[in-house]
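To keep things clear, I will list the structure first and then write my remarks on it.
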Amino acid sequence: MIKYIFVSLVLSLVLVNAIKVQLSTGTQGFNRHPSPFIPGLNNAGGGYTCVTCTLILSVVEQYSLIHEKSVDAAMDDICGFLPGEMSKLCTYMVSIYGNEIVQYFAEVQHADDVCHKLNNVTADVQPSPLVSGLHKGKVHPHPSKVNESPLDWFKDLINRFSKDHSPLEDVDGDKFSDEITFRGYNWRGRDCDDLNNQVYPGSKYNNPNAGPYTDWNCNGIKGLNSTSNIGYEDELCGNSGPMGVIVVGDSAGAHFSIPPQWLTASEINSTTYNGMIEIIANEMDWPQRSTYTGWNPSTNEVPVDSIYLRMRERNLCNHRDYQNTAVNGADSHDVAFGLAQTIARNQETDAPVLLFLELIGNDVCSSHHDFDHMTTVDEFTTNTLTTLQYLDTVLPSGSHVVFVGLADGRVLWNSLWNRTHPIGATYEQVYDFLNCLDTSPCWGWMNPNETVRDFTSERAANLSLVYNQIIASHTYQHFDMQYYDFPFDAINAEWIAQGGQTWQLIEPVDGFHPNQIANYLIAGYFWDQLTQDHPEWLGSINPNNQLIQQMFGDQGGYN
Ligand SMILES: [Ca+2]
Ligand SMILES: [Ca+2]
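In terms of the numbering used here, the sequence shown opens at residue 138 and continues consecutively.
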C-alpha cells in the first residue's frame, strides 16, 4: 500500500516536477532542495511527501471501507497486489509504519489526519519521520518480514532514468536498444543488431561489414533478388523516399499517463497493478501509444494512431524508423541544452526525418506561485534558435520540422473543476491541495483564480508566436519549417460533434495531460493538416508496399 503511494505519487508528481528540476540542474547548475524521497531527485519543498502520504492512505482508507476490512488488512491486501519487488517494498514500509498507521486511523479516522499525525503534512521543508528515515538509512525492517532493503532496488530503478534519457541497454552505442523499457523500443525502433553501431533504424548506409543484403536499417527488408541480382532493400525501397519520425518534447509528447485504476479504491484487485514495473521503467509514459511515435496496434479499448503509423502505412520501408525523445517536465531550455542531443541521426548516412518540436506547457507551467518562473519571449526565442541551430548539424538534408504551439490550459479548469477525481475529491480540491503544497505541475492553469489562468494563457500564446517569427526570419540548410497550434480546440470540437465531452479527453489522475483518445485524435488532425499543406513532406505512396507485405510479412514486428 505504501509502495503504492511511492509509485503513484512519487512517480507522478515527482517525475513531472522533479525531473524538470533535474533537467535544469544538469544543464544550469541549479541547486535546489534535495528530495526527502530519493537521494538524487529534487523536491520543491516537503510537498511531495504530503501528497504521497495522503493519496496512498486515502486509497487504503477507501479500500478498507469498501471491503469492510481493517486498515491493517487493507494494507496487506494492497501490498499483495503489487508485483515482485514492489510488493516487497510495500511490505517493508508497512513493517515499519503499519502499526502507527493503524493506531492513528483508530484515533483520527481520516487519511489526511493520519498523515498529519505521521508528520508528513508540514508547512515547511521538514521531512516526515517516514521519509527522513529512508533518506538517512535509519530504518530497520522487521527481520521476519524482509531480509534486505527493497529501497536500494527502488532507488536504482529511479536513478536509471532520472539522469539520462537515452536507451539504457545499448551495447553498440548507436542510441537504439533491443530492450523494450528504459528508453528502448517503446521509444525508438528496436535495434536489430545491438553489436553493430552501423545497423539501426533509419540508416541508409549499406555497411559492407554487416554483410551484403542484410537488414542494416532494421525495417525487415533484406536479401538478394536472384533474378534481378539487386538487393531487395535497394529494389523495393531505394527510390521510395524513406522518412523517419522524431518527436522532441515534453510529457504530453511522451504521452504521460497514470492508470486511474491504481488510485480507484473500488476497482483495486489482484490484477490492478499488473505491468506496474514496466510502466515505471517507461517513466509513466506511453510513447508506444503516442500521437507522434505510437506503434501499438489499435484496439477497441485503446485507439492508437500516430504520425509514424501513417508514414509507415504510406511507405512500408519506414518500418521502425521512429524516435520519441520527449521527457516529462521538459521546456524549451531543456530541449536546447540537453534533450535535442539525445536524437540519434547521422546527417550523412541516414534518411531524412519529419521532426515535431512539441512543448505545450512547461515554459509557463511550474509549481511556483508566481509568473517569474515562466519563460519570457526573449528566452523562448533564444532557446528555440539554439535548438534549431543544433538540429541543422544532425538532421539529414530534406528533413522537415513541425512546431507545435503551447496549449491553452484554461480548458483544464473549465472542464474539470467540479468533477470528481479518482481519489474521491473534486478537481478543485485536488488542484488546491497540490498548490497548497507547492507540488502542482501547473499552478498557472490548475488554479481557481481566473486572472492567473488568463495570464498563463496569454504568455503561452505569446511564446507560440515566436515560432512563426522564426519561420519568417530564418532558414536552415537541412530542413524547412511549419507551425501549428496545439490542436486541442479542434479535436475537442470533433469529439463533441461525435457526442463526447471535453473531460473525456484529459488524463483523469493528473487532470493535466491529453489522454489516449486525445493522442489518437491529434495524430489524425496533424496528418490531415500536413496532407493539405505539405503533401510532399510525407513522401510518395510506395508502389511496392503490397510486394513488401507479401514477402516480408510484419517485417519483424517491433520486438
Ligand atoms: Ca544499439
Ligand atoms: Ca545497432
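We treat Cβ as the ideally placed atom computed from N, Cα and C, and that holds for glycine. Owing to the predicted nature of the structure, the values given are computational and were not obtained by experimental measurement.
Practice item. Determine the extent of the beta strand (DSSP E) in which Glu495 is found, giving its start and end residues. Key: Val490 to Glu495
Exercise for review: Report back the beta-carbon spacing between Gly648 and His505 to the nearest angstrom; my notes put them in contact at under 8 angstroms.
Suggested key: The Cβ separation is near 18 angstroms, so there is no contact.
Practice item. Can you say whether His611 is buried or exposed, counting buried as having 16 or more other CB atoms within 10 angstroms of its CB? Key: exposed
Point to revise | Within 9 angstroms, strictly: CB atoms of Cys502 and Ile358 | key: no
Check your understanding: Expressed to the nearest angstrom, what Euclidean distance is found between the alpha-carbon atoms of Tyr429 and Asn465?
Key -> 15 angstroms
Check your understanding: Since Val308 is in the beta strand (DSSP E), which residue starts that stretch and which ends it?
Key -> It is not in any beta strand (DSSP E) - Val308 carries neither H nor E in the DSSP assignment.
Review point. If you check the beta carbons only, do Ser677 and Asp487 fall under 9 angstroms apart?
Key: no
**Study point:** Extent of the continuous beta strand (DSSP E) run through Met618
**Key:** Phe616 to Tyr621
Check your understanding: CB Pro379 to CB Cys355, shorter than 9 angstroms?
Key -> no
Review point. What's the C-alpha gap between Arg320 and Asn696?
Key: 14 angstroms
Check your understanding: Under 8 angstroms from any heavy atom of ligand 2, does the C-beta of Leu332 make it?
Key -> yes
Review point. So what's Phe313 in DSSP terms, helix, strand or just coil?
Key: coil
Review point. In or out: Gly368 buried (at least 16 other Cβ within 10 Å) or exposed?
Key: buried
Check your understanding: Taking the DSSP output, what are the residues bridged to Gly386?
Key -> Glu495
Review point. Applying the criterion that 16 or more other CB atoms from any shown protein chain within 10 Å of the CB defines a buried residue, is Ile203 buried or exposed?
Key: exposed
Check your understanding: By a C-beta neighbour count over all protein chains shown, 10 Å radius and 16 as the cutoff for buried, is Asp307 buried or exposed?
Key -> buried
Check your understanding: Pick from Ala467, Phe493, Gln686 and Ser403: whose alpha carbon is nearest that of Gln460?
Key -> Phe493
Practice item. Give the single residue among Ala418, Asp569 and Val251 whose Cα lies nearest to the Cα of His302. Key: Ala418
Exercise for review: Give the DSSP-derived three-state secondary structure of Leu532 in the structure shown.
Suggested key: coil
Check your understanding: Under 8 angstroms from any heavy atom of ligand 1, does the C-beta of Ser314 make it?
Key -> yes
Review point. Excluding the five sequence neighbours on either side, which residues of its own chain have a C-beta within less than 6 angstroms of the C-beta of Pro533, listed in chain order?
Key: Gln484, Asp487 and Pro489
Check your understanding: Buried or exposed: which applies to Asp617, given that a residue is buried once 16 or more other Cβ atoms fall within 10 Å of its Cβ?
Key -> exposed
Check your understanding: In this structure, what does DSSP give as the bridge partners for Phe393?
Key -> Asp422
Review point. So what's Pro651 in DSSP terms, helix, strand or just coil?
Key: strand
Check your understanding: On the three-state DSSP scale, how would you describe Arg297?
Key -> helix
**Study point:** alpha helix (DSSP H) runs wholly inside the region 177-233, at least 4 long, in chain order
**Key:** 184-203 and 208-218
Review point. Tell me which same chain residues have a C-beta within less than 6 angstroms of the C-beta of Glu222, skipping the five on either side of it?
Key: Pro287 and Trp290
Check your understanding: Hey, would you say Thr563 sits closer than 9 angstroms to Trp550, going by beta carbons?
Key -> no
Point to revise | Euclidean distance between Cα positions of Gln425 and Ala243 | key: 45 angstroms
**Study point:** Nearest candidate by alpha-carbon position, reference Leu361, set Phe689, Gly693 and Gly694
**Key:** Phe689
Practice item. Could you spell out where the beta strand (DSSP E) holding Asn461 opens and where it closes? Key: Tyr459 to Asn461
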